[in-house]
Every structure is written in C-alpha cells, then in structure tokens.
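Colleague: Structure in structure tokens, see below.
There are 2 protein chains.
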Amino acid sequence: MSDYDKLTAHYQTINRFAHAQSMLGWDAAANMPSGGNDARGDAMAELSVHIHRLSTQPQLADWFSGVEQAALTTEQKASLREMKRSWQHATLVPEDLVQAQSVAGSKCEHAWRTQRQENDWVGFEKNWKEVVTLSREEAKIRSEALGLTPYDAMLDKFEPGTSSESLNTLFSDVKTWLPELIEKALDKQKSSNIIMPSGTYPAETQKALGLEVMKLLKFDFDHGRLDQSVHPFCGGVPTDVRITTRYDEQDFVQALMGIVHETGHARYEQGLPKAYAGLPVGEARSMGIHESQSLFFEMQVGRSKPFVSHLSRLSKDAFNAHQDPVFAEENLSQLYTRVEKGFIRVDADELTYPAHVILRYEIERDLINGVIEHTDVPELWDEKMKAALGISTKGNYKNGCMQDIHWTDGAFGYFPSYTLGAMYAAQYKAKMTQTVDIDAAIQSGDLSPIFQWLSDNIWSQASLHTTDELVTRATGEVLNAAHFRKHLEQRYL
Amino acid sequence: MSDYDKLTAHYQTINRFAHAQSMLGWDAAANMPSGGNDARGDAMAELSVHIHRLSTQPQLADWFSGVEQAALTTEQKASLREMKRSWQHATLVPEDLVQAQSVAGSKCEHAWRTQRQENDWVGFEKNWKEVVTLSREEAKIRSEALGLTPYDAMLDKFEPGTSSESLNTLFSDVKTWLPELIEKALDKQKSSNIIMPSGTYPAETQKALGLEVMKLLKFDFDHGRLDQSVHPFCGGVPTDVRITTRYDEQDFVQALMGIVHETGHARYEQGLPKAYAGLPVGEARSMGIHESQSLFFEMQVGRSKPFVSHLSRLSKDAFNAHQDPVFAEENLSQLYTRVEKGFIRVDADELTYPAHVILRYEIERDLINGVIEHTDVPELWDEKMKAALGISTKGNYKNGCMQDIHWTDGAFGYFPSYTLGAMYAAQYKAKMTQTVDIDAAIQSGDLSPIFQWLSDNIWSQASLHTTDELVTRATGEVLNAAHFRKHLEQRYL
Numbered sequence: 000m001s002d003y004d005k006l007t008a009h010y011q012t013i014n015r016f017a018h019a020q021s022m023l024g025w026d027a028a029a030n031m032p033s034g035g036n037d038a039r040g041d042a043m044a045e046l047s048v049h050i051h052r053l054s055t056q057p058q059l060a061d062w063f064s065g066v067e068q069a070a071l072t073t074e075q076k077a078s079l080r081e082m083k084r085s086w087q088h089a090t091l092v093p094e095d096l097v098q099a100q101s102v103a104g105s106k107c108e109h110a111w112r113t114q115r116q117e118n119d120w121v122g123f124e125k126n127w128k129e130v131v132t133l134s135r136e137e138a139k140i141r142s143e144a145l146g147l148t149p150y151d152a153m154l155d156k157f158e159p160g161t162s163s164e165s166l167n168t169l170f171s172d173v174k175t176w177l178p179e180l181i182e183k184a185l186d187k188q189k190s191s192n193i194i195m196p197s198g199t200y201p202a203e204t205q206k207a208l209g210l211e212v213m214k215l216l217k218f219d220f221d222h223g224r225l226d227q228s229v230h231p232f233c234g235g236v237p238t239d240v241r242i243t244t245r246y247d248e249q250d251f252v253q254a255l256m257g258i259v260h261e262t263g264h265a266r267y268e269q270g271l272p273k274a275y276a277g278l279p280v281g282e283a284r285s286m287g288i289h290e291s292q293s294l295f296f297e298m299q300v301g302r303s304k305p306f307v308s309h310l311s312r313l314s315k316d317a318f319n320a321h322q323d324p325v326f327a328e329e330n331l332s333q334l335y336t337r338v339e340k341g342f343i344r345v346d347a348d349e350l351t352y353p354a355h356v357i358l359r360y361e362i363e364r365d366l367i368n369g370v371i372e373h374t375d376v377p378e379l380w381d382e383k384m385k386a387a388l389g390i391s392t393k394g395n396y397k398n399g400c401m402q403d404i405h406w407t408d409g410a411f412g413y414f415p416s417y418t419l420g421a422m423y424a425a426q427y428k429a430k431m432t433q434t435v436d437i438d439a440a441i442q443s444g445d446l447s448p449i450f451q452w453l454s455d456n457i458w459s460q461a462s463l464h465t466t467d468e469l470v471t472r473a474t475g476e477v478l479n480a481a482h483f484r485k486h487l488e489q490r491y492l
Numbered sequence: 000m001s002d003y004d005k006l007t008a009h010y011q012t013i014n015r016f017a018h019a020q021s022m023l024g025w026d027a028a029a030n031m032p033s034g035g036n037d038a039r040g041d042a043m044a045e046l047s048v049h050i051h052r053l054s055t056q057p058q059l060a061d062w063f064s065g066v067e068q069a070a071l072t073t074e075q076k077a078s079l080r081e082m083k084r085s086w087q088h089a090t091l092v093p094e095d096l097v098q099a100q101s102v103a104g105s106k107c108e109h110a111w112r113t114q115r116q117e118n119d120w121v122g123f124e125k126n127w128k129e130v131v132t133l134s135r136e137e138a139k140i141r142s143e144a145l146g147l148t149p150y151d152a153m154l155d156k157f158e159p160g161t162s163s164e165s166l167n168t169l170f171s172d173v174k175t176w177l178p179e180l181i182e183k184a185l186d187k188q189k190s191s192n193i194i195m196p197s198g199t200y201p202a203e204t205q206k207a208l209g210l211e212v213m214k215l216l217k218f219d220f221d222h223g224r225l226d227q228s229v230h231p232f233c234g235g236v237p238t239d240v241r242i243t244t245r246y247d248e249q250d251f252v253q254a255l256m257g258i259v260h261e262t263g264h265a266r267y268e269q270g271l272p273k274a275y276a277g278l279p280v281g282e283a284r285s286m287g288i289h290e291s292q293s294l295f296f297e298m299q300v301g302r303s304k305p306f307v308s309h310l311s312r313l314s315k316d317a318f319n320a321h322q323d324p325v326f327a328e329e330n331l332s333q334l335y336t337r338v339e340k341g342f343i344r345v346d347a348d349e350l351t352y353p354a355h356v357i358l359r360y361e362i363e364r365d366l367i368n369g370v371i372e373h374t375d376v377p378e379l380w381d382e383k384m385k386a387a388l389g390i391s392t393k394g395n396y397k398n399g400c401m402q403d404i405h406w407t408d409g410a411f412g413y414f415p416s417y418t419l420g421a422m423y424a425a426q427y428k429a430k431m432t433q434t435v436d437i438d439a440a441i442q443s444g445d446l447s448p449i450f451q452w453l454s455d456n457i458w459s460q461a462s463l464h465t466t467d468e469l470v471t472r473a474t475g476e477v478l479n480a481a482h483f484r485k486h487l488e489q490r491y492l
C-alpha cells in the first residue's frame, strides 16, 4: 500500500469515529433526556480523545513525507493538501494547552449561562481572562507555524486562506454605505402597514409546513430528517443530514425561515461528492462557504417575492387560514424583510446583521493581536454599537459583549464567516442570473436550475480548491462586496 | 495504579465506545433514513473492530495475572470475575473464525428474508449449512476452553452457569403438564364471549396511552424515552434507556402490552447500580434474567386483573370510548389471556410460548452437539410441533423451522432465555407475595412496593452474583418450574 493510500485509509477511519461523534451530538440536542448527559459527555469525550489520537499518530509524519507527489492526479494532490491541513491543525497545538483551553472554556461558558442573565460582567471577566490568555497562546503558536498574524492564524481554522487584510478591505467598504442604507430602509418601512402574527400556530402544523417547504427545496429525505432542538442547527453526516428547528406556537415566522436556512446547509452536505466521502477533501470548504449556502437559501431564495408567494400559499393551506391577512403575500414579504436596529445579533435582520459581525470582528482581531485587553471590550462595544446602529450598551453587558456563546469558550475567528457567507451568496446570485432565470424557476415551483448551479459550482467541488479558487471558478472573481451592496439596495430601497 | 485499577479504567473506556455503538444502533432502528445505511454500517463496524481490539489487548493478560486477589473486597472480586469473563469471551474465538461467521451469517440472514417468504428450504439450507458448521467450530473451541459440552459452551454466552442438564430437567417437567393445561385452557375459553378490537386507533393516541402506562410503571423519563421501530426493542444505555414499539392502527392490544414488556427491560437497566456503571459487573446478569424483568412486567403485572383494570380506564380515556365494550375490564382481560395454538413463536400467547421454546432448545442442542444434522431439522420440527401443539409443519418451512432470525446468523443458545425468564418471573412473584400485597399495590395505582422488591433483589444486584446465587438470594431456591406451573394454572384454569 502506498503512503498516499495509507493516509486515505487512515482519514476514512477517523471519519467513521467522527460519524459516531456527530450523531451522538445531534441526539444529545434533539432526543436525549437530561439524565443521560453525564454518560453521554463521557462517551463523546472518549471519542474526541480517540479521534485526536488518530489525528496525531506518529506514522502520519512518515506517510506525509513518503508520498510521491509526482505520481498523484490533481484531485489526489488536493486530497493530500487537505489531509495535511487537517493533520497540521491537529498537531500544531500542544495537548496540555488544548486541555487547559477545554477546562477554562467549559468553566467560563458554564458560568456565563447564569452571569449573562444577571448582567454580571465582573464575574464573567474573571473566567474570561483565562480563556483570552490561552487563546492568545494558541494564536501565537499557530502564528509562528503558519507565518500569519496571530488573529489570521485563528481565522485559518474556520476560513482557510482568508486574512484580516482582505476582511479589513471588505468590511471597511461595507461600513461606508451600510449605516445610510439602514436609515433609508427604515424610512421607507415607516409607510408600510404590517400585520404581525397573533394566532396560535401548533408545532405539529408548523412541522408539516416545514416539511412541505423542504420538499420545495428538494431536501433529500432518503438522506436526512427534520427534528426539534433548543438551538436550531444542521448536524449528522452527508448521507444522513439532521436539521433541527424550534417552534414558537405564538409565531411561525422564525421557525419557518429557520428551516429554509438549515435546508441550505443540508443540501450542501447532501450534495458533497460521493467520490471523496469520508476524506477532508470531500468536506465543506469552510464555515463561510457553508454559510453561503444557508444564506443563499434564506436570503437569495427564501425571502424573495416569488418564494414568499409559495410560503403564503403553503402556510394558508397548512393553517387552513386562507382569509387571514397575516399570510397574504405582501404581508409575509414585509415580515421577511423587516429592518430593525437591535442589540442582539441572532435576532438581527439581513440588513443590520453585518454591523453586528463587523463590530465583533474588529474587537476580536485587536484582542487576539494584543492591541487591546479583554477589559477594554465593554467600552469598545458600546462605542461601536453607537457608531453602527446608534444604540448604546453602556452597563448593558447581557445585551452587549456578553450576548454570544462564541467567545466564552475561545472560538475567536468564527464571526466573520456569517457575513462572508452573506456576501458570497449575493455574488453567486449575480453570476447565476447570467444563465438562470432565478425568479422564473422559483415561480414555477421547480427550483432545479438554481440547485444545479449550486451543485455544479459549490457542492460537488467540496474542498478540491482553495476558497478563492472555488469562488473565482464559480463567479469569475474573488469575493467582492459590491454584489452584496447591490442585493441589499435592490431589496431594501 | 494497581492492575485491578488499570482493568477497571480499561473496561470503563470500552464501555464508552459501547455507549456510542448502542446509540447508533438505536438510531438506525428508530430514526435513520434508508440512505444513511451504508455509512452507518461502516461506522458501527469500525466501532465493533475497535471494541474488539480493546477487549483483546495483550496487556489485559498481564493485568489479570497481576491482580492481588487478597487485596480485593467481595464486590471487587465479583467485578474482576466479570471483567475476566468478558475478556475470555472476547479472546476465546480466533478472529478469522469470527470473521467467517460474520460473513456467512450476513449472507444467510440476508437471503433468508426472501427465502422465508418463498418457503425456499432448499435455497436456505445451502447457506445455513455453513452457518451451522462454523457455529459447531465455535462451540468446539469454547467447549474445550470452558470444559463444557459444545452446546453448553454456546449457552454460556447468554446464560452463564446454565447447563443443558438443568434445562433438560426443567423442560421435561414442563412437557409433562403443559399439553394438558393448554387443552383445558382452550376448553374453558370456549364458553367466553370475546369482542375483538374493530375501530381505528391512531398511533399518536396509542403513544399517549403508552406514555401513561409507562408512568404507572414508574419508567424514569429523565433517563429514557419511547420511540417507534419496526421491531420493538429496549436499547440505549442505563442512564438513557430507549424503548421502542410499533403501532397497528387497527389494533392497540399488542403495542400496548409491548410497551409494558419493554418497560420491564428498561426499569432493570435504569435500576442497575450507579457504583458499577460502565463495568461488566454493573450490567444485567443474563438474557434470561433480563427477560425475567420484561416478563414480570408483562405476565405477572401487565396481564393481571387489577392491572388490566388500569388499562381499561386509561384506554377508555385515551380513545374517548367509555361505552365501547372492547375496553371493558372483563373483555380486555380476556384479550390479554387468550390462548391459541399457532405456528409462530412471536405471536404465541403466554401458555403456548414455552412449547415453541422447548422445541427449539431440543433441536439446537442436538444440532450443536452433533447428534443431528441441519438437514434433519424440518422433519424434527414437524414431529415436535405435532407432539406439543398438535399441528403439522410438513412442507411449511416458512411457518416452521425458517420462521426465526436467530439461527440464520448463528445465535444458537439464545432461545431458552425466553422461557427461563418466564419461569424466574413466576418464582419472584411467589416469593414476593410473602411480603408484598401485589394485587393491592397494583389496585392502588402505586406499584412502588413491587418495584422496590425487584430493585432490592434483582436490579441493584446487577452481575455481583452468579445467576443461581442471585435467584437463591432473592427467592430462597434455585429455579423451580413448579412456580411457573402454579402461575399458569391459576390464570388459565
């Protein structure tokens, strides 16, 4: 067996344990009763340790150095590159640091759940200090090994190939036009008459409606299912994708669009190439590209007028409420494009969302690079929120810098993915329009031409190319915020 | 760390992988869409290989021989005994034989699914021959290592400590009185007027009813749940027990009692001692003892008149059918104690069930011991069915010797567990009656005194004692078929 084949077999083995881990994680969120938690935690930790052990096995170094590059096809070279990337990420950080981070992160996150509710910055800061210190250590180690700035080395975990240089350019651009666009959209919205949902919408009916919408989006039910969990997510494995949502019986709006969003993630997973199943090269390219699929489904398709027309028809049928003005096309469309300045990122609309992300990006970048200290964060947050959305979070930590889970356990470098995804999605749309009549496809109820484009250009390409290559092959250029601006202007002006 | 502590840590590690395997198995039966099957199969096979590797790791031999027995408490000695038993079972059979059995068993079982429907004994016999040959090889190896007859060595996998000598005695006794008892019960039944279910019983309502019955049986919903699968079973782990059932919307009778049965299995698992969680000594004693709990719940409690009175009340409420004579106490009681001679074991009632088991036991015992050949089975089956129940299976393989899945993949030695379980359950009841007013407890709706007895005597004892010790400590004697006979006579005469 060649060294390349040994590596391939080894990563497929790792993937089978990751399958178990993924399913146990989904089950813990969707099914598990509370009393199952401790034993499940132990089992999942054991799987993590085992996967880490396999991922850092000493023979890997020999196999990687033994591979004869010349004998490999282009695809095999890409596969090798991704296995190597995976190996480097697993081996870069010393185990005692990983362990210390895990302990500090769990402690901080656990306490945060109470501290946030109590607006207790002082208590939070004590735990968080350690998390930040350890993340900076991690960033330093990664930085030296990868020849990147500390923050860029953290970004690389989620968005390989993306740098703060390019993010600075993209986000500075957004900051020049976003505040004004938000004001104009709010102005325009003033004259609209919106009817809010006020009935009772049984979870069972919402689920049935969600399943209908998933059919319209050609979710493959032979390879996945829809369930419920407190925090909606897309989990499972490509051959069996598990998406979840949460139903509010007083309001169907969010759960329904949440299903559209998760279906975007799911179709990417379901559409990954079978030929590379179980290998790093067969996985989604990055968090930003993953988000580009969920946001293409949600923002480019889901909230478009022709799709809202389907939602109107299907929800009238589901709730047997053909005369209810809430479900009228125009009203649903307004509900799904409503703009509001708010404190909370996860509740934010499409237009204000980038402001929340850019603020976090600027703070975490400077924090990890040592330009600011963790105690500077509340004040910076307040300043930046005032600048971006005109609202102050002074003394309001719970709705300010303590609102997200990400930083509590050291996931620095993740936030940009959300807005990168939204930008990629707008760029695909602009390119797709050249060959596909998108609105007509949506209107017809057969969205296949749209999905075919995504499959050809994104899903089937998995991690065969770098992100920049992938996007350039798909759209003819690297990421360009102009498409995002144009999309938002068209929708909100 | 002492060798004993090393062993303990090692078996706890194995158990965490077994947790993953058990949950993936449950999920495959209860949730997984068909397209997920291949990748799931690979993941589960990888876990099996890994568990096998851990179970046969060379250091184990050193650790076992290094343990200083004198330093151990009684409980630790029991724990050591059970770890050793687990190790011996894993190491006894050479890997190439295990592999050959797995291949032959899968092939035979897979083809059997079609062959059974087509009554194709000739086709089945060709595959089954190999399964029998390999099982005999396995039995020979186990026999030599354990100093038991070949069949007893196979029995030992499911019922440690049970021998065909004792089974011969128990079952010969049953054969002296069972046929006459069946005839008398059938005679008595002739005069009864039974009303069969004829309505539509929605699955959702049946599930709600099932959950009510589980509450009555004090199933711990913090540590388990109820779902659906094609073949009902009890899976999961002790801290998170997953029971399943299947609903027939034309008939609620079987699903409802199936839930009672699986709840018995579940409460045993939920009641295993926390102090030995994750260790072989903390697991259920044997298949027969497991079945004794499900059958105690089903036969001793579930089909008793005071419990059927609860079922009557709860099902009238659930189906909103207070006037429907099907749900009347007396009618439900007749439905749940109806006797019928039939071909199929899984459809058999309490009274004829032992006849099905004893016939299988006699055939598999002689087959594994080399007294008969696999080609003799159809004729023997016909003879024994005529003797036991007066019905012939000549030429009727599908409802004769080809009806069960067990033998298709070599699970020889399992069948006796079913009737051993029924006998143990009757013996517990006889003993329990001396200190607990069982009928009064059931009538009151608070069955705690019954469960306390089972917890004290069975659940909390896990595998701390051998089966004979366990039963003697609980009831003052080893297994005695007289209690089973008395129970059946009281119910059916």
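Sequences listed follow chains Z and E, in order.
No gaps in the numbering here: position 367 of the first sequence is 366 in numbering that gives the first Met the number 0, and each next residue is one more.
No gaps in the numbering here: position 97 of the second sequence is 96 in numbering that gives the first Met the number 0, and each next residue is one more.
For every residue, glycine included, the Cβ atom is placed at its ideal position computed from N, Cα and C.
Remember, it's a predicted structure, so these values are computed and weren't measured experimentally.
For Pro32/Z, go through chain E and note every residue whose CB falls closer than 8 angstroms to its CB, in chain order.
Modeller: Neighbours of Pro32/Z on chain E, chain order: Phe220, Asp221, His222, Gly223, Arg224, Asp239.
Colleague: Hey, how far is the Cα of Glu382/E from the Cα of Ser163/E?
Modeller: Answer to the nearest angstrom: the Cα atoms are 21 angstroms apart.
Colleague: Return the chain-ordered list of same chain residues with a C-beta closer than 7 angstroms to the C-beta of Arg74/Z, the five sequence neighbours on each side being excluded.
Modeller: What sits at residue 74/Z in the sequence shown is Glu, not Arg. Answer for Glu74/Z: Leu463, listed in chain order.
Colleague: Is there a Cβ from chain Z that is less than 7 angstroms from the Cβ of Asp4/E?
Modeller: Not an interface residue.
Colleague: From the beta carbon of Arg337/E, is the nearest beta carbon of chain Z less than 7 angstroms away?
Modeller: Closer than 7 angstroms: no.
Colleague: Counting pairs of Cβ atoms below 8 angstroms between the region 28-37 of chain E and the region 336-348 of chain Z, do you hit three or more?
Modeller: The answer is no - the region 336-348 of chain Z does not touch the region 28-37 of chain E, with fewer than three Cβ pairs under 8 angstroms.
Colleague: Could you tell me whether any Cβ in chain Z is nearer than 7 angstroms to the Cβ of Gly257/E?
Modeller: Gly257/E does not count as touching chain Z.
Colleague: Curious, which full-length alpha helix (DSSP H) runs of at least 4 residues does the region 446-482 of chain E contain?
Modeller: Taking only runs of at least 4 residues, the alpha helix (DSSP H) segments lying wholly in the region 446-482 of chain E are 447-456, 466-474.
Colleague: Taking 6 angstroms as the cut-off, does the CB of Val280/Z come closer than this to any heavy atom belonging to the ligand FMN?
Modeller: Of the ligands one can find in the structure shown there are none, so the ligand FMN has no counterpart to examine.
Colleague: Which same chain residues end up closer than 7 angstroms to Ala424/E when comparing Cβ atoms and leaving out the 5 residues on each side of it in sequence?
Modeller: These residues qualify, in order along the chain: Ser291, Leu294, Phe295, Met298, Gln299.
Colleague: Could you tell me whether the region 43-55 of chain E touches the region 243-259 of chain E, using the rule of 3 or more Cβ pairs below 8 angstroms?
Modeller: As far as the Cβ criterion goes, the region 43-55 of chain E does not touch the region 243-259 of chain E, which means the pair count is below three.
Colleague: Just checking: is the beta-carbon of Glu179/Z within a distance shorter than 7 angstroms of some beta-carbon in chain E?
Modeller: No, Glu179/Z does not count as interfacial toward chain E.
Colleague: What residue does the alpha helix (DSSP H) around Arg437/E start on, and which one ends it?
Modeller: Note on identity: in this sequence residue 437/E is Ile, with Arg being the wrong assignment. Looking at the DSSP string, the run of the alpha helix (DSSP H) that includes Ile437/E is 437-443.
Colleague: Is there at least one Cβ from chain Z nearer than 7 angstroms to His18/E's Cβ?
Modeller: Yes, because at least one Cβ of chain Z sits closer than 7 angstroms to the Cβ of His18/E.
Colleague: First and last residue of the alpha helix (DSSP H) that includes Ile50/Z?
Modeller: Run containing Ile50/Z: 36-54, per the alpha helix (DSSP H) assignment.
Colleague: By how many angstroms is the C-alpha of Phe306/Z removed from the C-alpha of Thr428/Z?
Modeller: The amino acid at residue 428/Z is misidentified as Thr; the sequence shows Lys. Approximately 15 angstroms, taken between the alpha carbons.
Colleague: Between the Cα of Ser1/E and those of Tyr10/E, Gln11/E, Ala19/E, Glu67/E, spot the shortest distance and give me the residue it belongs to.
Modeller: Ser1/E has its Cα closest to that of Glu67/E, out of Tyr10/E, Gln11/E, Ala19/E, Glu67/E.
Colleague: Beta-carbon separation of Ser480/E and Met422/E under 7 angstroms?
Modeller: Looking at the sequence itself, residue 480/E is Ala, so the reference to Ser does not match. Cβ distance < 7 angstroms, so Ala480/E and Met422/E count as in contact.
Colleague: Which residues in chain E have a C-beta closer than 7 angstroms to the C-beta of Asp61/Z? List them in chain order.
Modeller: Correct list: empty, because the minimum Cβ distance to chain E is about 22 angstroms.
Colleague: Could you check how far apart the C-beta atoms of Leu210/Z and Leu225/Z are, in whole angstroms? I think they sit under 8 angstroms.
Modeller: Contact flag correct, Cβ pair sits at about 6 angstroms.
Colleague: For Gly146/Z, count neighbouring Cβ atoms within 10 angstroms of its own Cβ and tell me buried if that reaches 16, exposed if not.
Modeller: Classification of Gly146/Z: exposed, given that the 10 Å Cβ count is below 16.
Colleague: Excluding the 5 residues preceding and the 5 following Glu349/Z in the sequence, name in chain order all residues of the same chain whose CB lies nearer than 6 angstroms to its CB.
Modeller: Excluding positions up to five away in sequence, the list reads Met298.
Colleague: Looking at the structure shown, is Leu225/Z part of a helix, part of a strand, or coil, going by DSSP?
Modeller: Three-state result, Leu225/Z: strand.
Colleague: Name the residue from Ile437/E, Gln58/E, Gly34/E, Phe123/E whose alpha carbon lies nearest to the alpha carbon of Asp403/E.
Modeller: For Asp403/E, the nearest C-alpha among the options comes from Phe123/E.
Colleague: Could you confirm whether any beta carbon from chain Z is found closer than 7 angstroms to the beta carbon of Asp438/E?
Modeller: Closer than 7 angstroms: no.
Colleague: Going by DSSP, what residues sit across from Gly65/E in a beta bridge?
Modeller: According to DSSP, Gly65/E bridges with nothing at all.
Colleague: For Leu6/E, which option in Gln100/E, His405/E, Leu271/E, Leu59/E has the closest C-alpha, if you only look at C-alpha atoms?
Modeller: Nearest of Gln100/E, His405/E, Leu271/E, Leu59/E to Leu6/E, Cα basis: Leu59/E.
Colleague: Starting from the beta carbon of Arg52/Z, find every residue of chain E whose beta carbon is closer than 8 angstroms, and list them in chain order.
Modeller: Those within 8 angstroms of Arg52/Z in chain E number zero; the least Cβ separation is about 11 angstroms.
Colleague: Got a sec: is the Cβ-Cβ distance from Glu550/Z to anything in chain E below 7 angstroms?
Modeller: Since the first and last residues shown for chain Z are 0 and 492, residue 550/Z lies out of range.
Colleague: Looking at the C-beta of Arg15/E, does it have a partner C-beta in chain Z at a distance below 7 angstroms?
Modeller: Yes, contact with chain Z.
Colleague: Taking just the CA atoms, how far does Asp316/E sit from Ala202/E?
Modeller: Between Ala202/E and Asp316/E, the C-alpha separation is close to 15 angstroms.
Colleague: Along chain Z, which residues have their Cβ under 7 angstroms away from the Cβ of Asp26/E?
Modeller: Here the neighbours are Met22, Asp26.
Colleague: By DSSP's criteria, Asp250/Z is part of a beta bridge. Which residues make up the other side?
Modeller: Partner(s): Asp247/Z.
Colleague: When you compare each of Gly270/E, Arg241/E, Glu129/E to Ile258/E by their alpha carbons, which one comes out closest?
Modeller: Nearest option by C-alpha distance: Arg241/E.
Colleague: Using DSSP with H/G/I as helix, E/B as strand and the rest coil, what is Ile362/Z?
Modeller: Ile362/Z falls in the helix class under three-state DSSP.
Colleague: Run through chain E and tell me which residues come within less than 8 angstroms of Thr12/Z, C-beta to C-beta.
Modeller: What Thr12/Z touches in chain E: Glu45.
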